[in-house]
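Trainee: My questions all concern the structure below.
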Amino acid sequence: MTAVDGGERDDDRLAPVIPLFGSSSVPRSRRGTKDGSGSDSNEGSDTAVPRRTGEAGLWRSSWDEGDVERPADPGARHPAYGTHARANSEGEQPATVPRLRALRPAHAADAGDDAATRDPDELRRVAEESLVRKLRSRAMSVSEARTALRAAGLEGDQADQVIDDFERRKYLDDRTLAGHLVTAGVERKGQGRVALSRALAQRGIPRDIVDDALAELPDDDEERALEYARSKARSMTRLDPDAALRRLVGQLSRRGYGGSVAMNAAKTALREAAGGSSRGVRFVESD
């Protein structure tokens, strides 16, 4: 085996070199000999680049001049410019190409446009179904139901018709809802009249219905305030007397017991929690 044969066999084991900027448009010559001169088998190609062997072949790069045909304007190859830029760089007449634009998902269509083009009967049916699903999860006031219909694209006379229909079927009843909220606020949260009135107003219940619901409550704010204060006072017996009083009065005030009602309930509950012992909180009635 000769040295030339060894060089050719080593060269056969080399991986093919892939150009970094696309395939070459210039044909390559056949593999050369040891001294670097290639056998020109493709006689019709004047620009063929001979392939180097030996150490030069090991370091052959795709940057060899003539190996890659570079465009005049590198930016013209960018896909964002489309065929228009590539045609201009090649001197050809560009074809009509639409502009690039951002895609918008189907569910992102404008709700107002959808409501305007939808059939009125279909729009009402969809809005009613949406409101029924909401009512299955929680009771709603008439004001809240109207807001839900508006969000579904139903307004005006059609929304009024749906509200009247639901009130007739007792799906919507502000008076019943107000009674339930008052009962839950008193029994589970220990709320006073001020807090109850604020909670009903936040649900959009009319003022006259709120007043009627609160009027049905027994006039026992003092008793309910004292009951709540007793449930909290036992955990405050180790605090400083003034700090315990301020904390308990603040808790009562946040639940709608204000002024003298909260102060008297807090003092009574803390005095009872102290139990007459020498330790803890003591209050003395002033003249």
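Each number in our numbering comes from the position in the sequence shown (counting from 1) with 1227 added on. Every residue, glycine too, gets a C-beta built ideally from N, C-alpha and C.
Could you check if residue 1397 is buried or exposed, using at least 16 other CB atoms within 10 Å of its CB as the buried criterion?
Mentor: exposed
Trainee: Rank 1428, 1373, 1361, 1449 by C-alpha distance to the C-alpha of residue 1440 and give the top, closest one.
Mentor: 1428
Trainee: Find out if the Cβ-Cβ distance for the pair residue 1436, residue 1405 is shorter than 8 angstroms.
Mentor: yes
Trainee: By DSSP, does residue 1445 sit in helix, in strand, or in coil?
Mentor: Three-state DSSP puts residue 1445 in coil, outside helix and strand.
Trainee: Consult DSSP for residue 1367 and reduce its assignment to one of helix, strand or coil.
Mentor: coil
Trainee: From residue 1351 to residue 1358, what distance separates their C-alpha atoms?
Mentor: 11 angstroms
Trainee: Any beta-carbon of chain B closer than 8 angstroms to the one on residue 1446?
Mentor: The structure shown contains no chain B; it is built from a single protein chain.
Trainee: Just the Cα atoms here: how many angstroms apart are residue 1402 and residue 1361?
Mentor: 19 angstroms
Trainee: By DSSP, does residue 1400 sit in helix, in strand, or in coil?
Mentor: coil
Trainee: Threshold first: 4 residues or longer. Then list the alpha helix (DSSP H) segments lying entirely within the segment 1422-1503, N to C.
Mentor: 1434-1442, 1448-1460, 1468-1481, 1487-1501
Trainee: Assign residue 1380 to one of three DSSP states: helix, strand, or coil.
Mentor: coil
Trainee: Please report the distance separating the alpha-carbon of residue 1367 from that of residue 1450.
Mentor: 31 angstroms
Trainee: Cα separation between residue 1477 and residue 1415?
Mentor: 19 angstroms
Trainee: Would you identify the three-state DSSP class for residue 1416, choosing helix, strand or coil?
Mentor: coil
Trainee: In three-state DSSP terms, what is residue 1346?
Mentor: Note: residue 1346 maps to coil in three-state DSSP.
Trainee: Can you name, in chain order, every residue of its own chain whose Cβ lies under 6 angstroms from the Cβ of residue 1500, other than the five neighbours on each side?
Mentor: 1460, 1461, 1464.
Trainee: Measuring alpha carbon to alpha carbon, tell me which residue in 1354, 1394, 1425 is nearest residue 1409.
Mentor: 1425
Trainee: Which residue wins for smallest C-alpha separation from residue 1486, given the options 1372, 1448, 1457?
Mentor: 1448
Trainee: By Cβ distance below 6 angstroms, which residues in the same chain neighbour residue 1455 in space, the five residues on each side in sequence not counted?
Mentor: 1417, listed in sequence order.
Trainee: Look at the alpha carbon of residue 1381 and the alpha carbon of residue 1452, and state the distance between them as a whole number of angstroms.
Mentor: 45 angstroms
Trainee: Does the beta-carbon distance from residue 1496 to residue 1466 come in below 8 angstroms?
Mentor: no
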